[in-house]
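Residue numbers (our numbering): 1 to 237.
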């Protein structure tokens with residue numbers, strides 16, 4: 001048998017076959033690929049290959065690491081998935097090349113930022129329902145239990161835009177947009193409300209109706225500041 005062929009090894013990763021030299025896989029010791037033997041359960045003697053049910057795209061970069069000594073991050077996968085694959089193959093994520101480091105570690109910075117926001121949320125004392133009703137001049141309706149649908153929704157809409165730590169959507173809006181927003185929504189409807197949520201419930205006005213709230217943010221630049229408003233419409237079907 002050809003000596004060169006004896007020194008080659010075939011790796012089938014996620015259905016993609018890779019071929020390299022056994023000596024190449026020995027370049028990084030104490031890793032999964034450096035310890036391959038034909039006694040392993042994933043070795044197929046008929047096909048003369050090792051099968052791994054792992055991400056084939058990530059493995060292309062991992063095999064290149066054995067060949068070149070440089071570990072690059074594939075930008076078409078998320079950071080946690082890349083870390084999971086590196087752990088499976090027994091590789092150190094700190095060996096990622098400087099050119100890819102900022103992109104690779106971006107998910108860590110995001111997780112740390114969300115953790116800080118969540119901690120701020122825990123440290124902030126939220127007002128009671130009665131305090132919220134008092135703030136919006138709805139104390140009498142709150143005590144009488146006669147709050148309308150809009151009176152229940154209004155504080156939540158206000159918190160979404162003006163209190164950046166009140167909920168996850170508000171945190172995202174504040175972090176991504178980074179603008180102070182002012183809005184006005186005013187509507188009247190004769191009838192009574194059935195249900196508690198915005199979508200899928202109904203209002204009765206002589207007959208049962210189903211509705212959907214359609215909204216979008218609009219704004220304009222006046223030379224000194226950006227004014228943003230909330231434009232809404234009710235769709236009955």
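For every residue, glycine included, the Cβ atom is placed at its ideal position computed from N, Cα and C.
Query: Quick test of your reading: residue 10 and residue 49, contact by CB under 8 Å. State the CB separation rounded to the nearest angstrom.; Result: 4 Å
Query: Return the chain-ordered ranges of every alpha helix (DSSP H) run that is complete within the segment 23-101 and spans a minimum of 4 residues.; Result: 56-68 and 79-89
Query: Given this structure, state the Cα-to-Cα distance separating residue 156 from residue 141, to the nearest angstrom.; Result: 17 Å
Query: Give the single residue among 77, 231 and 68 whose Cα lies nearest to the Cα of residue 95.; Result: 68
Query: By the 10 Å Cβ neighbour count, where 16 or more other Cβ atoms means buried, how is residue 86 classified, buried or exposed?; Result: buried
Query: Do residue 42 and residue 52 have their C-beta atoms within less than 9 Å of each other?; Result: yes
Query: Between residue 89 and the rest of its own chain, which residues show a CB-CB distance below 7 Å, the 5 nearest in sequence each way excluded?; Result: 31, 32, 33 and 62
Query: Pick helix, strand or coil for residue 11, following the three-state DSSP scheme.; Result: strand
Query: Please determine, among 13, 153, 4 and 106, the residue with the shortest C-alpha to C-alpha distance to residue 59.; Result: 13
Query: Where does residue 82 land, buried or exposed, given buried means 16+ other C-beta within 10 angstroms?; Result: buried
Query: State the start and end residues of the unbroken alpha helix (DSSP H) segment that holds residue 134.; Result: 129-135
Query: Considering only the alpha carbon of each residue, which of 15, 8, 16 and 17 lies closest to residue 26?; Result: 8
Query: Taking the continuous beta strand (DSSP E) assigned at residue 20, which residues delimit it?; Result: 16-21
Query: Might you give, ordered along the chain, the residues of its own chain that have their beta carbon closer than 8 Å to the beta carbon of residue 103, omitting 5 neighbours on each side?; Result: 73 and 75
Query: Between the Cα of residue 143 and those of 133, 152, 108 and 98, spot the shortest distance and give me the residue it belongs to.; Result: 133
Query: Taking 9 Å as the threshold (C-beta atoms), are residue 108 and residue 79 in contact?; Result: yes
Query: Please list, in chain order, all residues of the same chain as residue 15 whose beta carbon is under 7 Å from its beta carbon, the five residues on each side excluded.; Result: 56
Query: Look at the alpha carbon of residue 110 and the alpha carbon of residue 84, and state the distance between them as a whole number of angstroms.; Result: 18 Å
Query: With DSSP as the reference, identify every bridge partner of residue 216, one or two as the case may be.; Result: 231
Query: Measuring only the C-alpha atoms, how far is residue 100 from residue 44?; Result: 35 Å
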